[in-house]
Amino acid sequence: MQSTQWIWQQPAWPHFTWQAERLAAPLRACAQAQGRLLGMAGAVGADAEAQNSLDALLQNIVTSSAIEGETLNVGSVRSSLARRLGLVAEGRTSPRSEGLAELLLDATGRLDQPLTFERLCTWHRWLFPEEELQLGHRIRVGTLRGEEPMQVVSGRLDNPTVHFEAPPREGLEQQLDSFLAWFAHSRDDVSLDPLLRAGIAHFWFVTLHPFDDGNGRLTRALTDLALAQGERQAIRFYAMSASILDDRAGYYRILESSQKDGLNITAWLHWFLATLLKSLEQALVRIDRVLAKARFWQAHRADGLSAEQLKVLNRLLDSGEKGFEDGINAGQYQAVAQVSKATATRHLSDLLEKGCLVRLPGGGRSTRYQINRPGSALPGPDTE
52 MQSTQWIWQQ PAWPHFTWQA ERLAAPLRAC AQAQGRLLGM AGAVGADAEA
102 QNSLDALLQN IVTSSAIEGE TLNVGSVRSS LARRLGLVAE GRTSPRSEGL
152 AELLLDATGR LDQPLTFERL CTWHRWLFPE EELQLGHRIR VGTLRGEEPM
202 QVVSGRLDNP TVHFEAPPRE GLEQQLDSFL AWFAHSRDDV SLDPLLRAGI
252 AHFWFVTLHP FDDGNGRLTR ALTDLALAQG ERQAIRFYAM SASILDDRAG
302 YYRILESSQK DGLNITAWLH WFLATLLKSL EQALVRIDRV LAKARFWQAH
352 RADGLSAEQL KVLNRLLDSG EKGFEDGINA GQYQAVAQVS KATATRHLSD
402 LLEKGCLVRL PGGGRSTRYQ INRPGSALPG PDTE
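435 is the number that this note's numbering gives the last residue of the sequence shown; the numbers go up by one with no jumps.
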């Protein structure tokens, strides 16, 4: 009799169970953050919405590959995404960046198209364009893996540690068909929370490991599809892969322990929801910054500011990502605006008088200035 080492060897596989009471609190927190994010996103102008969607998609692609140890050309991926989103595309693209952009936009944009085996194979071909397959790295592209055991191992070649072994090749078609059938009908299952559905889909597919390579990236793409279906919108404002990358070791650890356990996947789902919540909270901070920037320019749209002042103010408004979190001094203003010391001093005095900046505690050469953020006002046009 075969010993039960892996979850897929359980007699009732893949009939997962979980403790609803343990997941109630994180589910509520995620749903509340999701609602806040969608509500705030509705107040963002069309241009800012497109840019934020581009940033989230780019972050998702880059970090999903980074989880697997691959470093992408960020500029190339950005250009591929921008062109598809109708934004200005600068820089060169590659078959790799084109395929990755096509994959994620298909996964998150075509919500009502069924997830079929053929669609998964197309995703796999986009993930591994023939033009960029390395010599010696021959994998089966757009078709299921071969007969050899699929294992995740580490350690010495003569004494490896097997962290995971996927179900055998025999019967894999039937197992994948069962997953795809569940993915289709579970979308309309009112008894299953959409966020739990996304977590189950993630765990089930990555455990099947149906392809030679790229299973993790395809798993995260179909997770994005499940999340987008649950939200009923294609526009993306958060990147769950980024939060997974932040806890990459924890990701692999919870997968390994859950794949060696019984069919109760509460621990996995709890980790999944906690990680999703982090990504939603990070997106809330970004959207809040966009709205604050719009409110600022609404308040100062008629101030008659110079091009140099606009440049510095935009830099300060973007400080969460580009530095100057603690404000700016005269020397830094001079360097950013590329003006003389006297002009920098005059510009700063003018910005103080117009209420664009506030002076922070301190004096003399160490005096620093920070954006004076209005507490209210409707979003105005982008001044950049």
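We put the CB at the ideal spot given by N, CA and C, even for glycine.
Exercise. If you check the beta carbons only, do aspartate 354 and lysine 405 fall under 8 Å apart?
Worked result: Lysine 405 sits close to aspartate 354, with the two beta carbons spaced by under 8 Å.
Exercise. Looking at the unbroken alpha helix (DSSP H) that takes in histidine 398, where does it start and where does it end?
Worked result: Per DSSP, histidine 398 belongs to the alpha helix (DSSP H) from 392-404.
For this session: Tell me whether glutamate 372 sits in a helix, a strand or coil according to DSSP, three-state version.
Result: Residue placement at glutamate 372 is poorly supported in this model, since its pLDDT is 43, which falls under 50; the coordinates still yield a value, given next. In the three-state DSSP reduction, glutamate 372 falls in the helix class (H, G or I).
For this session: Enumerate, from N- to C-terminal direction, the unbroken alpha helix (DSSP H) stretches of 4 or more residues contained entirely within the region 190-252.
Result: Qualifying alpha helix (DSSP H) stretches, in chain order: 223-237.
For this session: Report yes if the CB atom of leucine 155 is closer than 8 Å to the CB atom of isoleucine 112, and no otherwise.
Result: Between leucine 155 and isoleucine 112, the C-beta spacing is below 8 Å.
For this session: For asparagine 210, count neighbouring C-beta atoms within 10 Å of its own C-beta (all shown protein chains included) and say buried if the count is 16 or more, exposed if not.
Result: It counts as exposed.
Problem set entry | Exposure label - leucine 208; buried when at least 16 CB within 10 Å | Exposed is the call here.
Exercise. CB-CB under 6 Å to arginine 271, same chain, minus the five flanking residues each way: which ones, in chain order?
Worked result: So the qualifying residues of the chain are Ser115, Ser292.
Problem set entry | Rounded C-alpha distance that separates leucine 468 from arginine 283 | As shown, the chain starts at 52 and ends at 435. That puts residue 468 outside it, with no answer to give.
For this session: Report all residues from its chain with a CB closer than 8 Å to the CB of valine 341; omit the five preceding and five following residues, and keep chain order.
Result: Within the same chain, Val95, Ala99, Asn103 come within 8 Å of valine 341 by CB-CB distance, once the 5 residues on both sides are set aside.
For this session: Starting from the Cα of alanine 84, find the closest Cα among Arg352, Val336, Asp401, Asp377 and give me that residue.
Result: Scanning Arg352, Val336, Asp401, Asp377 for the CA closest to the CA of alanine 84 turns up Val336.
Problem set entry | C-alpha gap between glutamine 385 and asparagine 423, whole angstroms | Looking at the two C-alpha atoms, the distance is approximately 20 Å.
For this session: Throw me the rounded Cβ distance for the leucine 223 and glutamine 61 pair, which I believe falls under 8 Å.
Result: Contact between leucine 223 and glutamine 61 does not hold, since their C-beta atoms are separated by about 17 Å, which reaches or exceeds 8 Å.
Exercise. Pairing CB atoms from the region 261-270 with CB atoms from the region 173-180, are three or more of them under 8 Å?
Worked result: The region 173-180 and the region 261-270 touch, with three or more beta-carbon pairs separated by less than 8 Å.
Exercise. Do tryptophan 174 and leucine 108 have their CB atoms nearer than 8 Å?
Worked result: Not in contact: tryptophan 174 and leucine 108 (Cβ atoms no closer than 8 Å).
Exercise. Is arginine 268 helix, strand or coil when you go by DSSP?
Worked result: Assigned with DSSP and collapsed to three states, arginine 268 falls in helix.
Exercise. Quick one: what does DSSP say threonine 68 is sitting in, helix, strand or coil?
Worked result: In the three-state reduction of the DSSP assignment, threonine 68 falls in the strand class, which pools E and B.
Problem set entry | Per DSSP, cross-strand counterpart(s) of leucine 408 | Paired residues: Ile422.
For this session: Could you give the DSSP three-state label for asparagine 380: helix, strand or coil?
Result: In the three-state reduction of the DSSP assignment, asparagine 380 falls in the coil class.
Exercise. Rounded to a whole number of angstroms, what is the C-alpha to C-alpha distance between glutamate 149 and valine 192?
Worked result: Between glutamate 149 and valine 192, the C-alpha separation is close to 17 Å.
For this session: Indicate whether the contact test is met: 3 or more Cβ pairs, each with one atom in the region 151-169 and one in the region 230-246, closer than 8 Å.
Result: At 8 Å Cβ cutoff, the stretches touch.
Exercise. Cβ of glutamine 70 within 8 Å of Cβ of threonine 317?
Worked result: Their beta carbons are under 8 Å apart, which means glutamine 70 touches threonine 317 by this criterion.
Exercise. Taking Cβ positions, are alanine 92 and phenylalanine 347 nearer each other than 8 Å?
Worked result: No, the Cβ-Cβ distance between alanine 92 and phenylalanine 347 is not below 8 Å.
Exercise. Does DSSP put asparagine 365 in a helix, a strand or coil?
Worked result: DSSP places asparagine 365 in helix when its eight states are reduced to three.
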